[in-house]
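Beneath this line is the structure, given in structure tokens, with notes to follow.
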Amino acid sequence: MTKKGVVIVNLGTPDQPKAKEVRAYLSRFLGDHRVIDKPRWMWLPILHGIILRTRPKRSAKLYQEIWQEDGSPLLLYTKAQARHLQDKLPDRIVRFAMSYSEPLLSNVLEDMMQQGATELVVIPLYPQYSVTTTATVFDQTARFFLKQMFIPSLHLVHAFYEHPLYISWISDQIKQKLNEQPIDMLIFSYHGIPVSYVQKGDCYPEHCEKTTALIMEQVGDIPYRLTYQSKFGPDEWLTPATDETMKRLPVEGIKHVLVITPGFVADCLETIEEIEGENRSYFLSHGGDSFTYVNPFNDNPILADILKELVEAYG
91 MTKKGVVIVN
101 LGTPDQPKAK
111 EVRAYLSRFL
121 GDHRVIDKPR
131 WMWLPILHGI
141 ILRTRPKRSA
151 KLYQEIWQED
161 GSPLLLYTKA
171 QARHLQDKLP
181 DRIVRFAMSY
191 SEPLLSNVLE
201 DMMQQGATEL
211 VVIPLYPQYS
221 VTTTATVFDQ
231 TARFFLKQMF
241 IPSLHLVHAF
251 YEHPLYISWI
261 SDQIKQKLNE
271 QPIDMLIFSY
281 HGIPVSYVQK
291 GDCYPEHCEK
301 TTALIMEQVG
311 DIPYRLTYQS
321 KFGPDEWLTP
331 ATDETMKRLP
341 VEGIKHVLVI
351 TPGFVADCLE
361 TIEEIEGENR
371 SYFLSHGGDS
381 FTYVNPFNDN
391 PILADILKEL
401 VEAYG
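Here our numbering is used: the first residue of the sequence shown is 91, the next is one more, and so on.
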């Protein structure tokens, strides 16, 4: 008898906004060779000798600022989307997992096997493919099944950066804001990656550019820029950088901006603290007048509609 399962996967979050829990999360995350593409003999001593001794305490303070009563926003929104998707797919087993925190993907896949899943769709919750995100989900899925006697009919969703419902929903959010207030420019901020990853074949910036172009086709004729945020380490990263752009725009006469983060399906530290906090401050302190942020899907069930279509494409 066929038994179908679906697992949606996000990056992860500390279990608590405390240094110890942040250290455990960062150790998993930054220890992944897909995320930090450097020789292990070079990188691991840096990670465990410097970064994990200093960064967790600082990051924990930031997590404390965004933490909700029931936990991390990213965890809560991912849980909500799993519930929405289960409601829309009552004949399938729907679960959510994280790449670098509980519930770990390997444990969720084990649960799926114990429940007798014979067909499985795994959906990384990243609209644009990157080796640093989507590929890590594929790696972990492959490592799990490498040790299994039975492998179900397995489908890994590569990306949904040009899905019509995804594009139209973001476009509608932008148009609604444009009707409410004057906007000089749209800023599309995507999480950055090192340039070297792109040189080795990561198609991520192509996906970001395509998403932006498709959205602008629906939004219409208004100035916009595509930028990249969250630079980490000394390597060259994709540009232009969101933070430097925010500092320059007021000098160029851009006083009212609308900021969109299409690469994130849920608010998290990178959107709440970095975009709404840090980058808002850069823009306003350098002479900007208004900074408006468009929230991602969060717990809006329209994301589950998109995920449902992705699942049903496999039958």
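Heads up, the beta-carbon is just placed ideally off N, CA and C, and yes, glycines get one too.
Query, Result
"Specify whether the segment 257 to 274 and the segment 333 to 350 touch according to this definition: at least 3 beta carbon pairs, one from each stretch, less than 8 Å apart.", "yes"
"Should the segment 245 to 257 be regarded as contacting the segment 393 to 404, the criterion being three or more beta carbon pairs within less than 8 Å?", "yes"
"Could you say which of M336, L276, A331 lies nearest to G310 if we only look at CA atoms?", "L276"
"Could you have a look at F250 and say whether DSSP puts it in helix, strand or coil?", "coil"
"Just curious, the beta strand (DSSP E) that I283 is in, first and last residue?", "Careful: I283 lies outside any beta strand (DSSP E) and carries neither H nor E."
"Give, in chain order, every unbroken run of the alpha helix (DSSP H) that is at least 4 residues long and sits entirely within the segment 283 to 357.", "285 to 289, 294 to 309, 332 to 338"
"Under the rule that 16 or more other beta-carbon atoms within 10 Å means buried, what is R233, buried or exposed?", "exposed"
"Could you check how far apart the C-beta atoms of W157 and P193 are, in whole angstroms? I think they sit under 8 Å.", "That pair is no contact at about 19 Å."
"DSSP three-state label for Q204, please.", "helix"
"Pop quiz: V97 and M202 are said to be a contact at Cβ under 8 Å. What is the actual Cβ separation, rounded to whole angstroms?", "7 Å"
"Tell me which same chain residues have a C-beta within less than 6 Å of the C-beta of L316, skipping the five on either side of it?", "F278, T302"
"State the start and end residues of the unbroken alpha helix (DSSP H) segment that holds I396.", "392 to 402"
"What residue range is occupied by the uninterrupted alpha helix (DSSP H) comprising S149?", "142 to 156"
"Which complete beta strand (DSSP E) runs does the segment 163 to 239 hold, if anything under 3 residues is left out?", "183 to 188, 209 to 214"
"Please report how far the alpha carbon of H245 lies from the alpha carbon of Y404, in whole angstroms.", "8 Å"
"Take every Cβ of the segment 323 to 339, pair it with every Cβ of the segment 282 to 291, and state whether three or more of those distances are shorter than 8 Å.", "yes"
"Contact check, H248 vs Y219 under 8 Å by CB: the rounded distance?", "6 Å"
"Does the Cβ-Cβ distance between R118 and Y190 come in under 7 Å?", "yes"
"Measure from the alpha carbon of H174 to the alpha carbon of each residue in E399, L400, P391, then state which is nearest.", "P391"
"Less than 6 Å separating the Cβ of P242 from some heavy atom of the ligand SAH?", "Absent from the structure shown: the ligand SAH. Ligands present: none."
"Taking the beta carbon of V227 as the centre, do at least 16 other beta carbons fall within 10 Å, making it buried, or is it exposed?", "buried"
"Among residues of its own chain, excluding the 5 on either side of G95, which ones have a beta-carbon nearer than 8 Å to its beta-carbon?", "R182, I183, V184, R185, M202, Q205, A207, E209, L210, V211, P242"
"Since Y372 contacts K321 with CB under 8 Å, what's their CB separation in whole angstroms?", "14 Å between Cβ atoms; not a contact."
"Could you round the C-beta distance between P134 and R113 to whole angstroms and report it? I think they count as a contact, below 8 Å.", "Sequence check: residue 134 is Leu here, not Pro. Not really, about 15 Å apart at Cβ, beyond 8 Å."
"In terms of residue numbering, what span does the beta strand (DSSP E) encompassing V384 cover?", "380 to 384"
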